[in-house]
Amino acid sequence: MNLFDVYPLWDIEPVRGQDTTLWDKNGEVYTDLYGGHAVISVGHCHPHYVKKISEQVGKLGFYSNAVQNGLQKELAARLGKISGYDDYALFLCNSGAEANENALKVASFHTGKAKVLAFRKAFHGRTSGAVAATDNPKIQAPFNSTDNIVFAPLNDLEAVDAELSRGSFAAVIIEGIQGVAGIYEPTTEFMLGLRALCDKYGCVLILDEIQSGYGRTGKFFAHQHHGVKADIITTAKGMANGFPIGGVLISPEIKPVYGMLGTTFGGNHLACTAALAVLDIIEKENLVENAAKIGEYFESAFKDDKAVKEYRGKGLMIGLELKDEYVGLRNKLLFEKHFFTGAAGAQVIRLLPSLTVSQETAETFVAAWKELTK
Ligand SMILES: Cc1ncc(COP(=O)(O)O)c(C=O)c1O
32 MNLFDVYPLW DIEPVRGQDT TLWDKNGEVY TDLYGGHAVI SVGHCHPHYV
82 KKISEQVGKL GFYSNAVQNG LQKELAARLG KISGYDDYAL FLCNSGAEAN
132 ENALKVASFH TGKAKVLAFR KAFHGRTSGA VAATDNPKIQ APFNSTDNIV
182 FAPLNDLEAV DAELSRGSFA AVIIEGIQGV AGIYEPTTEF MLGLRALCDK
232 YGCVLILDEI QSGYGRTGKF FAHQHHGVKA DIITTAKGMA NGFPIGGVLI
282 SPEIKPVYGM LGTTFGGNHL ACTAALAVLD IIEKENLVEN AAKIGEYFES
332 AFKDDKAVKE YRGKGLMIGL ELKDEYVGLR NKLLFEKHFF TGAAGAQVIR
382 LLPSLTVSQE TAETFVAAWK ELTK
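The numbering used here numbers the first residue of the sequence shown as 32 and each following residue consecutively.
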């Protein structure tokens, strides 16, 4: 059997990792400023992470959600504390799309309404509700098309007000910072206004922090830069450093009912152990602060760079929009200098490194970039 061929692949096969370094099967060394698409939060193969998962798999890897699981309770308590959402409840699942799927469902159950407002260029995942709320017709099958989703331009409160005033909206879903779109931030004024409009029209405000959360932007969640609270927050990528997991943080205003949500694998022992190890490392190594610090360094190094048309983002969620003559730089960084980076189209290079990335590694990257663009 062959693989179902849906990904254009680079001909590189990493087989080993340590912090921000990767080795491929031929022994070539790479520096990872992509973090496997914002997933690696505490570095590849962190010794504490490896130890905790290894110990747990030797004790109990999985049992179903029909029995008590103290690891889930510990994760909920720790995540509530570090995120400032102590009084919220946690539902655990297995991926970002699944987290959004559950968030949309909870909002609809809670309000008894069906419509959802999402934003232009948004990406929320590839499953049915999540992909319908994603502003990219190319990845929506006819099966996914629905009149329940409406898109408004980002940072346009008047447009949001006009839509919500039509009634029957269960939720507004918005990324903390739009990632796949190419790193676009909502303004503070917009986020405050959005919160007020959700309150006015009785809609649930869902913050998709799947890419922008878990300390990446220099605060635990990106929306916390604006001083707003969400009713539901979804998380995934950085949560367990590559072990599949998703989380839905749900306001105490929204009451659970038996059977409302459910999952076979969500919240399993290994996933919770991996997520707890990530929180241990984030706290012990002050990684949220490191993300802010290295982010400031990158901003100062690239803001006036001759290849950069616009620098966007916060902390370690960075979009470098290239001037036309520098398109192609990402491949040069990879093949000539051995740096993995992300992209959004041909024009934007995305940096999404592990929150452990050091000043030295950041400087090495900047030096390589400057050499390629001199
Ligand atoms: C903001 C956002 N939401 C949702 C998802 C979907 O997550 P997953 O691929 O784990 O389903 C992604 C993935 O890139 C994302 O960036």
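Backbone N, C-alpha and C fix where the C-beta goes; we use that ideal spot for every residue, glycine too.
Nearest neighbour of residue i, chosen from the options [CA to CA]
i      : options                           : result
Gly258 : Gly278, Ala227 and His155         : Ala227
Gly213 : Leu364, Asn33, Glu341 and Lys363  : Glu341
Leu106 : Lys315, Ala374, Gly298 and Lys354 : Gly298
Gln378 : Val388, Asn362, Ser385 and Thr392 : Asn362
Leu121 : Lys401, Pro287, His254 and Gly359 : Pro287
Ile170 : Asp178, Ser159, Asn179 and Ile180 : Ser159
Ile281 : Lys112, Thr52 and Ala138          : Ala138
Gly210 : Gly244, Gly233, Glu189 and Phe296 : Gly244
Glu206 : Gln87, Ala128, Lys144 and Gly293  : Ala128
Leu223 : Gly273, Ser196, Leu53 and Val191  : Val191
Ile204 : Asp187, Gly350, Glu216 and Ala161 : Ala161
Gly101 : Tyr116, Asp187 and Gln87          : Gln87
Arg47  : Asn133, Lys250 and Asn57          : Asn57
His75  : Ala271, Phe252, Ala253 and His141 : Ala271
Gln49  : Trp41, Ile349, Pro78 and Ile43    : Pro78
Pro217 : Asp55, Gly115, Ala153 and His141  : Ala153
Gly67  : Pro45, Leu34, Val81 and Glu59     : Pro45
Residue j beta carbon less than 9 Å from that of residue i
i      : j      : result
Ser72  : Leu301 : no
Ala164 : Ala149 : yes
His155 : Asn131 : yes
Leu64  : Leu310 : no
Glu194 : Ala183 : yes
Ile237 : Ala267 : no
Gly344 : Thr219 : no
Ile325 : Pro384 : yes
Ala375 : Gly346 : no
Met291 : Lys136 : yes
Ala306 : Ile276 : yes
Gly233 : Asn96  : no
Val70  : Gly246 : no
Val235 : Ile285 : yes
Glu240 : Phe221 : no
Thr392 : Thr51  : yes
Ala134 : Ser199 : no
Check: residue i C-beta below 8 Å from any heavy atom of ligand 1
i      : result
Arg381 : no
Glu206 : yes
Ser126 : yes
Ser243 : yes
Ala163 : no
Ala69  : yes
Lys268 : yes
Thr265 : yes
Phe93  : no
Val235 : no
His155 : yes
Asp239 : yes
Thr158 : yes
Asn100 : no
Gly273 : no
Gly48  : no
Glu105 : no
is_contact[residue i, chain D] using C-beta, thresh 9 Å
i      : result
Leu280 : In the structure shown, chain D cannot be found, because there is only a single protein chain.
Helix, strand or coil at residue i [DSSP, three-state]
i      : result
Ile241 : coil
Gln386 : In the sequence on display, residue 386 carries Leu and not Gln. The answer is coil: DSSP assigns Leu386 none of H, G, I, E or B.
His75  : strand
Gln255 : helix
Gln411 : Summary: the structure shown does not reach residue 411, with the chain confined to residues 32 through 405, and so no result is reported for it.
Leu188 : helix
Tyr116 : coil
Met222 : helix
Ala168 : Before going further, note that residue 168 is Pro rather than Ala in the sequence given. Here Pro168 sits in helix by DSSP.
Gly373 : strand
Phe274 : coil
Lys146 : strand
Leu34  : coil
Val279 : strand
Trp431 : This structure gives no information on residue 431, because the portion of the chain shown stretches from 32 to 405.
Arg247 : coil
Leu135 : helix
Lys337 : coil
Chain-order list of residues whose beta-carbon lies under 7 Å from that of residue i (same chain, five-residue window excluded)
i      : result
Gln103 : Leu123, Gly298 and Cys303
Tyr357 : Ala338 and Thr404
Lys231 : none
Cut-off 8 Å between Cβ atoms - residues of its own chain near residue i, not counting five sequence neighbours on either side
i      : result
Leu360 : Ala338, Leu353, Ile380, Trp400, Leu403 and Thr404
Ser176 : Ala163
Asn321 : Leu386, Thr387 and Val388
Phe93  : Phe296, Asn299, His300 and Leu301
Tyr119 : Gly111, Ile264, Leu280, Ile281, Ser282 and Pro283
Beta-carbon proximity list for residue i, same chain, < 6 Å, skipping 5 on both sides
i      : result
His369 : Tyr61
Lys83  : Thr304 and Ala308
Asp117 : Gly111
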